[in-house]
Amino acid sequence: MTTTTPSRGRRRAPSRMERAAGKAAALQRPRVILALLLLLALVCVMLLDGYLRAEVGGDQRVRTGASSSDVPDDILDGGPIVTFRGGQATTVSVPDKTIALTFDDGPNPTWTPQVLAILEQYDVPATFFLVGSMVSRYPGIVKDMVEQGHEVGIHTFTHVDLSYQSDTRVRREMEQTQLALAGAAGITTTLFRAPYSSETDAIDNYSWPVYKKLGQDGYTSVFVDTDSDDWKRPGVSKIVQWATPKKNKGASVLFHDAGGERSQTIKALPEYIEKMRAKGYTFTTISGVIEKQRQQAPAGAVPGAGASRLQAAHREATGAILYEGRALVAAVAVAEWAVPTLSVGLMVVGVAVMGRFGMMLVLARRHYRLRNRRRFSWGPPLTGPVSVIVPAYNEKECIANTLTSLARSTHPIEVIVVDDGSTDGTSEIARAAADELGMPDVRVIRQENAGKPAALNNGVRSARHDIVVMMDGDTVFEPDTVRRLVQPFADPEVGAVAGNAKVGNRDTVIGAWQHIEYVMGFNLDRRMYDLLRCMPTIPGAIGAFRREAVLQVGGMSEDTLAEDTDITIALHRAGRRVVYQEHARAWTEAPGSLKQLWSQRYRWSYGTMQALWKHRKSLTDKGPSGRFGRVGMPLVVLFQVVTPVFAPLIDVFTAYSMIFIDLKAALLAWFAVLGVQLVCAAYAFRLDREKYRYLLMMPLQQLAYRQMMYLVLIHSCVTALTGGRLRWQKLKRTGEVGTPAGAG
């Protein structure tokens, strides 16, 4: 065993990379927060969209048969307009031969504009009781409505029966609708009509306190004394008949411009207006009715008469309510655009993911059959010695186990341990282990801390053999791993070989999740990429290279954090073939905590993006480089960057659909996707001869693990956009992967 050491006697100052790492670490927390805020913003947008899309059904009482003993008789027997001026409840009736034409449940983008066009044609004013959620979705219609001289009132924000609700919910329904009106038309209103209300004699002990409280707040509650029942769609003649008052009396007449299919209403409205005018009726608004009665009543008969002139229902929105209303309308506009766009995007991604699963299954099966045929051979068996390079930085827990596994190798090897400035005695432990194991062909090379690529390059330069095997300092090989790994080099076209990395510490929840990911997400992929000749990554835990091929492309690059992806793409571009050897297995220690897992995947994701950007010119290259650029790179971008970002949204949309659309259909869709993934995972486990019991963790993995991967990718994208830099990060090791665990 030989050892190379740097000069001693002087304490090493922090390297440039370490100083840069300190600066980068200071930037990580804001980026993580930004990633979380992006996810939170998306969830808020979807919740807002779902809240706005609450269904509006036909007007009918939710509660029937309730007592009205607490309601004054003059209210129950009075007119359809209930005012509370001066704190006293009073009803107002519509004068004879007068129609207060009212519409509920709007605005609707299909029917409301048609209603407005008819009213404008006949010069008829009307009062529209609007649902706040619809106002915020279609503010332009409300603005047109007000500009045409029509009156608007509140019909709650979500069309809920307020008699069931708490005072807080009632206040919120009113305030949110006022904000929507302020943002849409720059006004607020004092008119209110409760959903599912009819005539005043339907007021009961549950709803009366609501009307009194709203009256104290300055609202005028408007009821109906003539109902067209157009929501039942009885036919045009019936609608006109039912909307006609008896004996030339005045009436507050109810129609609907939303809440369902309203074509019969559109046909009935002109006929109704012409009929009423032929009978000598005039049309006015609710405020017009109140004002007309005030003018006709004797002094003191109407509360407030003789005082200041009663103003119309509309108030100009100013100050905070105006700006908050505009903000609400803007937020709704974002939700109206974002949710459908994301829905279409998810459909595209879903088709792509399902296509990928299908392609993986077909190509993985073909790869397995091809490589496991009895007559398959790469060429004459390779028996010559190879160099195994082990970069190590503070690997005191693992390095002895790594060397122990290499000592059992059935293929002749030399081992080069490159200690990258460790401070925990890694090099001393490696030398002691080599002596104890009787491994004379072990060299320990120490260097100043410069990062993993520099350590690997140092090892490649020091290697004595034409084939170099690279592994991590926390990884252990099975006895025949090296022999199996190097056999593809019998084919002169092969420049590098990817081995089968396995998770050794898989008995924890996090370990089991990563085990599923390694078997399905990595190794099943590599079978597909092998046949397509566009393998994007040789895993750092186990890979073999022709030494001269590595030197030809300039060695392991320090330009990116994913030096394994970088070198693999560089070899493709140099015309070298990269293959996958499923039977060459390495057991590695996966991160044991969420924090460490985040750190590792953050580096992988960011490094992959760097490598793809670095080699972007392969998109227009010819030959093998162009093949990778036009086949491999799009696949990597689509399935390792784009779809992982969108994948968690499947769960978010599932929750959205369960709450706001169809619970059963949403669950069936989610389980269908999970079923497809389970089939693919089960097949991958079968090919790798793994035990299926770990697949029991897959549903939980889809709910929790996928969300974390989404945040990691967003974090990586933010880092890339802000120009951040990272260094070779060291994960905390336990050394629990001591010997190859065996399949399962």
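For the sequence shown, my numbering assigns the number 1 to the initial residue and increments by one for each residue that follows.
For every residue, glycine included, the Cβ atom is placed at its ideal position computed from N, Cα and C.
Since the structure is predicted, the reported quantities are computational estimates derived from the model, not experimental observations.
Open item on the list: Am I right that Val224 and Gln264 are in contact with their C-beta atoms under 8 angstroms? What's the rounded C-beta distance?
Closed with: The residue given as residue 224 occupies position 224 in the sequence shown. The residue given as residue 264 occupies position 264 in the sequence shown. Actually they do not touch by this definition, with Cβ atoms about 18 angstroms apart.
- [ ] Report yes or no: is there a C-beta of chain B within less than 8 angstroms of the C-beta of Gln447?
- [x] In summary, chain B is missing from the structure at hand, where a single protein chain is found.
TODO: Output the boundary residues of the beta strand (DSSP E) element that contains Leu101.
DONE: Against the sequence shown, residue 101 aligns to sequence position 101. Residues Thr98 to Gly106.
Open item on the list: Distance check for Asn449 and Ser625, CA to CA, integer angstroms please.
Closed with: As a first step, residue 625 is located in the sequence shown; it is residue number 625 there, counting from the start. As a first step, residue 449 is located in the sequence shown; it is residue number 449 there, counting from the start. Cα atoms of Ser625 and Asn449: separation of roughly 33 angstroms, rounded to the nearest angstrom.
Open item on the list: Assuming Val135 and Ala194 are in contact, meaning their beta carbons sit under 8 angstroms apart, how far apart are those beta carbons, in whole angstroms?
Closed with: Translated into positions along the sequence shown, residue 135 becomes position 135. Translated into positions along the sequence shown, residue 194 becomes position 194. With 8 angstroms as the limit, Val135 and Ala194 do not qualify as a contact, their Cβ atoms being about 17 angstroms apart.
Open item on the list: Which residue marks the beginning of the beta strand (DSSP E) containing Phe477, and which one marks its end?
Closed with: Start at 1 with the first residue of the sequence shown, and residue 477 comes out as number 477. Taken as a continuous stretch (DSSP letters only), the beta strand (DSSP E) holding Phe477 covers Thr475 to Phe477.
Open item on the list: Going by DSSP in three states, Asn205 sits in which element: helix, strand or coil?
Closed with: Here residue 205 refers to the residue found at position 205 when the sequence shown is read from its first residue. Three-state result, Asn205: coil.
TODO: State yes or no: is the C-beta of Ala570 within less than 8 angstroms of the C-beta of Trp604?
DONE: Stepping through the sequence shown from its first residue, residue 570 is reached at position 570. Stepping through the sequence shown from its first residue, residue 604 is reached at position 604. Against a cut-off of 8 angstroms, the Cβ pair of Trp604 and Ala570 comes out as no contact.
- [ ] Please report how far the alpha carbon of Pro303 lies from the alpha carbon of Ile75, in whole angstroms.
- [x] Position 303 of the sequence shown, counting from 1, holds the residue named residue 303. Position 75 of the sequence shown, counting from 1, holds the residue named residue 75. Any answer about Pro303 is weak, because its pLDDT of 42 lies below 50 and its placement is not dependable; what the coordinates show is given next. A direct Cα-Cα distance of roughly 15 angstroms separates Pro303 from Ile75.
Task: Beta-ladder partner(s) of Ala498, from DSSP - done: Counting from one through the sequence shown, the residue named residue 498 turns up at place 498. Answer by DSSP bridge pairing, in chain order: Gly543 and Tyr580.
Task: Residue environment, Phe545, which counts as buried when at least 16 other CB atoms sit within 10 Å - done: Position 545 of the sequence shown holds residue 545. Buried.
Open item on the list: Looking at Gln114: is its Cβ nearer than 8 angstroms to the Cβ of Ile273?
Closed with: Taking the first residue of the sequence shown as position 1, residue 114 is located at position 114. Taking the first residue of the sequence shown as position 1, residue 273 is located at position 273. One thing to note: Gln114 has its Cβ no nearer than 8 angstroms to the Cβ of Ile273.
Open item on the list: Quick test of the definition: if touching needs 3 or more C-beta pairs under 8 angstroms, does the segment 606 to 624 touch the segment 489 to 508?
Closed with: With a cut-off of 8 angstroms, the segment 489 to 508 and the segment 606 to 624 do not count as touching, because too few Cβ pairs lie within range.
Open item on the list: With the cut-off set at 8 angstroms, would you say Pro385 and Pro412 are in Cβ contact?
Closed with: If you number the sequence shown from 1, residue 385 lands on position 385. If you number the sequence shown from 1, residue 412 lands on position 412. In this structure, Pro412 lies closer than 8 angstroms to Pro385 by Cβ.
TODO: Within 10 angstroms of the Cβ of Lys691, are there 16 or more other Cβ atoms? Answer buried if so, exposed if not.
DONE: The count along the sequence shown starts at 1 and reaches residue 691 at position 691. So Lys691 counts as exposed.
- [ ] Just tell me which of Leu162, Asn401, Arg461 and Thr91 has its CA closest to the CA of Gly554.
- [x] Residue 554 sits at position 554 when you count from the first residue of the sequence shown. Measuring from the Cα of Gly554, the nearest candidate turns out to be Arg461.
TODO: Spell out a yes or no on whether the segment 205 to 215 and the segment 227 to 242 are touching, meaning 3 or more CB-CB pairs, one atom from each, closer than 8 angstroms.
DONE: Fewer than three Cβ pairs drawn from the segment 205 to 215 and the segment 227 to 242 lie within less than 8 angstroms of each other, which leaves the two stretches out of contact.
Open item on the list: If we require 3 or more residues per run, which beta strand (DSSP E) segments fall completely within the segment 305 to 366?
Closed with: DSSP runs (the beta strand (DSSP E)) wholly in the segment 305 to 366: 314 to 316.
- [ ] Over the uninterrupted alpha helix (DSSP H) stretch that includes Asp564, give me the two end residues.
- [x] Residue 564 sits at position 564 when you count from the first residue of the sequence shown. Run containing Asp564: Glu563 to Arg573, per the alpha helix (DSSP H) assignment.
- [ ] Within 10 angstroms of the Cβ of Ser308, are there 16 or more other Cβ atoms? Answer buried if so, exposed if not.
- [x] Indexing the sequence shown from 1 puts residue 308 at position 308. Residue confidence is low: Ser308 scores 33 on pLDDT, short of 50, so the model does not pin down where it sits. No coordinate-derived value is stated.
TODO: Say whether the segment 158 to 173 touches the segment 142 to 150, bearing in mind that this needs 3 or more beta-carbon pairs closer than 8 angstroms, one atom from each stretch.
DONE: No, because fewer than three Cβ pairs between the segment 158 to 173 and the segment 142 to 150 fall closer than 8 angstroms, the two stretches do not touch.
Open item on the list: Three or more C-beta pairs under 8 angstroms: does that hold for the segment 113 to 131 against the segment 78 to 97?
Closed with: Not touching, per the Cβ criterion.
Open item on the list: Tell me which residues share the same chain as Leu269 and place their Cβ nearer than 6 angstroms to its Cβ, disregarding the 5 neighbours each side in the sequence.
Closed with: Taking the first residue of the sequence shown as position 1, residue 269 is located at position 269. Ile118.
TODO: Give the range of the alpha helix (DSSP H) segment to which Arg373 is assigned.
DONE: The residue labelled residue 373 in the question sits at position 373 within the sequence shown. Here Arg373 belongs to no alpha helix (DSSP H), and DSSP marks it neither H nor E.
Open item on the list: According to DSSP, simplified to helix, strand and coil, what is Phe223?
Closed with: Here residue 223 refers to the residue found at position 223 when the sequence shown is read from its first residue. Coil.
Task: Under 8 angstroms between C-beta atoms of Asp474 and Thr588 - done: Looking up residue 474 in the sequence shown gives position 474. Looking up residue 588 in the sequence shown gives position 588. It is a contact, given that the beta carbons lie within the stated cut-off.
Task: Pair within 8 angstroms by beta-carbon distance, Lys396 and Asp424 - done: Taking the sequence shown and counting its residues from 1, one reaches residue 396 at position 396. Taking the sequence shown and counting its residues from 1, one reaches residue 424 at position 424. Lys396 places its beta carbon less than 8 angstroms from that of Asp424.
Task: Separation of Glu558 from Pro453, as counted between CA atoms - done: Position 453 of the sequence shown holds residue 453. Position 558 of the sequence shown holds residue 558. Going by the C-alpha atoms only, they are around 6 angstroms apart.
TODO: Within its chain, find whatever has a CB closer than 7 angstroms to the CB of Ser69; leave out the 5 residues flanking it on each side and keep chain order.
DONE: The residue you call residue 69 lines up with position 69 of the sequence shown. For Ser69, where only same-chain residues beyond five positions count, the Cβ hits under 7 angstroms are Asn205.
- [ ] For Thr608, name the three-state secondary structure that DSSP assigns.
- [x] Translated into positions along the sequence shown, residue 608 becomes position 608. Correct three-state label for Thr608: helix.
Task: DSSP state of Ile413 mapped onto helix, strand, coil - done: Sequence index remark: in the sequence shown, residue 413 carries index 413 (1-based). Three-state result, Ile413: strand.
Task: Separation of Val152 from Met633, as counted between CA atoms - done: If you number the sequence shown from 1, residue 633 lands on position 633. If you number the sequence shown from 1, residue 152 lands on position 152. Near 57 angstroms, if we compare the C-alpha coordinates of Val152 and Met633.
- [ ] Put Ile538 into one of helix, strand or coil per three-state DSSP.
- [x] One-based indexing of the sequence shown puts residue 538 at position 538. Correct three-state label for Ile538: coil.
TODO: Would you identify the three-state DSSP class for Met471, choosing helix, strand or coil?
DONE: As a first step, residue 471 must be located in the sequence shown, where it is residue number 471. Coil, per DSSP.
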